[in-house]
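Reviewing the structure listed below.
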Amino acid sequence: NSKKQDELIILNVSGRRFQTWRTTLDRYPDTLLGSSEKDFFYNEETKEYFFDRDPDAFRSILNFYRTGKLHYPRHECISAYDEELTFFGIIPEIIGDCCYEEYKDRKRENLERLQDDQEENKDLKQSNLNFRETMWRAFENPHTSTLALVFYYVTGFFIAVSVITNVVETVPCGSNSNQKDMPCGERYTVAFFCIDTACVMIFTVEYLMRLFAAPSRYRFMRSVMSIIDVVAILPYYIGLVMTNNEDVSGAFVTLRVFRVFRIFKFSRHSQGLRILGYTLKSCASELGFLLFSLTMAIIIFATVMFYAEKGSSSSKFTSIPASFWYTIVTMTTLGYGDMVPKTIAGKIFGSICSLSGVLVIALPVPVIVSNFSRIYHQNQRADKRRAQKKARLTRIRIAKSGSANAFLHSKRNGLLNELLELTGTEEDEQKLMKSTSLLESQHHHLLHCLEKTTAHEFVDEQMYEQNSLETALQAYPSHSPSIACHSSP
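Laid out in structure tokens, this is it:
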């Protein structure tokens, strides 16, 4: 029994032989090689276990049985490596710490690539979409149609006009000395109102169309961009129903501030802004840590500065909340200068506060920059893959078109050759020989063999023969009525 346990076994993986002890494999009975299931792969004639798998990836798997540590070979395809682990019953979560981070990064990149491919495949299946799905896809990807692209640029233009109008209407533009301080929005009220009305109408139509085409209207209304759209157009409609009441007018002036949120609508038109949003979303934990650390430091240093400056008669640190402003501008290295410590202790703690702010803020910044760079390069790779796939499909269509044309040309020459045998002259035969290239002849022979072996017609032969016969009869008229009758169908 002990001799059987210490047996040296041979594992044949696609012709490459690996040798190991049975006890080495028995350490992990929950896997394929450590269980009795491997007996299904045993070859009685060669006295070895045969697996039709990747021998290169198997090296790291066998090393796992030997050392108890699973490593990820960097040269291996992540999908192929996962398939090998699944086949041998090994979970990827036991990959060593030295390789796990790289494995997760490759896994994430591959998942994003697969998602991009799925989106591209969805784009190729637009013929099966209904009207709402087609409209939603046009909003999400304006390059799917010319009409969607025009609407995309029109909305972008009106967003820019709205933002510029919101800024220009506050500029003084009086024509004389008595009106030099009058803002343009008050002097040209009708013009600015018409521009604002046109912009709001476009934004309203866009919002209603997006709401109609959204796959889930509830999720769409709860999304950030939907809230921004509502906030951008809401002040206009509230202003239409307001009266001349001073309190209501004051509230309307406050609501007009929210028109500045229209600038966030540019995020739909800017890939960089979307990447920044994805980065902030993916770095939520790091940003939360930064905010929590700053809050703790602000409270601590505000308390210290208040008690350090309490003995000074001219101190502006009148309370701990009043000291918050100094600690905030100091930790963010702004240094506004309206509040400065007077005592020696206050200056010392102020210096420590400044240095602490630099350290606290600098710690999460590399993580945020790294995530932004990763997401940015992923988007660049996705755009490059889409462009390459589009170019590849274009080349395939051109090649197919060229192949079909060459095949049709060869068939035409074949039909003309048959006619020339009956009606043509030697001069016509020489012209036909010159018109047929060696490449087309070889291509015709290849497609002819494919037709015979696959029983598949690459073109409609009956329709082509009919057209070719008509063309041939026009180009090479027969010399006798009997021949013409013989050629007609």
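In full-length UniProt numbering, the protein residues as written are 1 to 489. Note that beta-carbon positions come from the ideal geometry of N, C-alpha and C, so glycine has one too. From a predicted model like this one, the values you see are computed outputs, not experimental measurements.
By the criterion of a C-beta distance shorter than 7 angstroms, Phe193 is surrounded by no residue of its chain, once the five residues flanking it on both sides are discounted. Secondary structure at Leu8: strand, using DSSP grouped into helix, strand and coil.
The beta carbon of Phe64 sits closer than 6 angstroms to those of Leu70, all from its chain and outside the five residues before and after it, given in chain order. The beta carbon of Ile195 sits closer than 7 angstroms to the beta carbons of Val161, Thr165 from its chain, once the five residues preceding and following it are set aside; these are given in chain order.
In the DSSP assignment, Glu48 falls within the unbroken beta strand (DSSP E) covering 48-51. Val13 is bridged by DSSP to Arg16, Phe51. Residue environment analysis places Ser270 among the exposed positions, since fewer than 16 neighbouring C-beta atoms fall within 10 angstroms of its C-beta. Per DSSP, Thr31 is not a residue of any alpha helix (DSSP H), being assigned neither H nor E. Ile95 has Leu70 as its beta-bridge partners, per DSSP. Assignment of Tyr336 by DSSP, reduced to helix, strand and coil, places it in the coil class. With a cut-off of 8 angstroms on Cβ pairs, the region 264-280 is not in contact with the region 301-317, counting fewer than three such pairs. When C-beta atoms of the region 255-266 are compared with those of the region 142-149, fewer than three pairs fall below 8 angstroms, so the two segments do not count as touching. When Ser226, Ile298, Phe212, Val369 are compared, the shortest CA-CA separation from Lys281 is found for Val369. With contacts defined by Cβ atoms closer than 8 angstroms, Arg66 and Thr24 form a contacting pair. Counting only runs of at least 3 residues, the region 121-171 fully encloses no beta strand (DSSP E) element at all.
In the DSSP assignment, Ser285 falls within the alpha helix (DSSP H) that extends over 284-308. In the same chain as Ser319, and ignoring 5 residues on each side of it, the C-beta atoms closer than 8 angstroms to its own belong to Phe306, in chain order.
As computed with DSSP, Asn379 is found in no beta bridge at all. Counting every other CB atom within 10 Å of its CB across the protein chains shown gives Lys104 a total below 16, marking it as exposed. The beta-carbon separation of Tyr72 and Cys99, rounded to 4 angstroms, stays under the 8 angstroms limit for a contact. Out of Ser14, Ser373, Thr343, Val231, the CA that lies nearest to the CA of Gly272 is found in Ser373. The three-state reading of DSSP puts Pro321 in helix, counting H, G and I together. Within the same chain, and ignoring the five residues on either side of Asn379 in sequence, the residues whose Cβ sits closer than 7 angstroms to its Cβ are Gln271, Ile275. Distance check between Arg210 and each of Tyr42, Ile61, Thr155 places Thr155 closest, using alpha-carbon atoms only. By the criterion of a C-beta distance shorter than 6 angstroms, Ile375 is surrounded in its chain by Ile275, Tyr278, Thr279, once the five residues flanking it on both sides are discounted. As the crow flies, the alpha-carbon of Phe50 is around 7 angstroms from that of Asn43.
When the Cα atoms are used, Ile78 and Thr394 turn out to be separated by approximately 29 angstroms.
Going by DSSP, Leu208 is part of the alpha helix (DSSP H) stretching over 189-213.
DSSP places Pro183 in the strand class (E or B) of the three-state scheme.
Of the residues Pro55, His75, Ile90, the one whose Cα lies closest to the Cα of Arg27 is Ile90. In its chain, beyond the 5 residues on either side, Met225, Leu273, Arg274, Gly277 have a beta carbon closer than 8 angstroms to the beta carbon of Ser267.
When the five nearest sequence neighbours on each side are left out, the beta carbons in the same chain lying within less than 7 angstroms of the beta carbon of Ser323 are those of Ala302, Met305, Phe306, Phe317, in order along the chain. Phe264 and Arg16 have their C-alpha atoms roughly 60 angstroms apart.
By the Cβ-count criterion, Ser313 is exposed, with fewer than 16 other Cβ atoms from all chains shown falling within 10 Å of its own Cβ.
The Cβ atoms of Thr343 and Ala297 lie no closer than 8 angstroms to each other. Counting along the chain, the unbroken alpha helix (DSSP H) around Glu83 starts and ends at 78-87.
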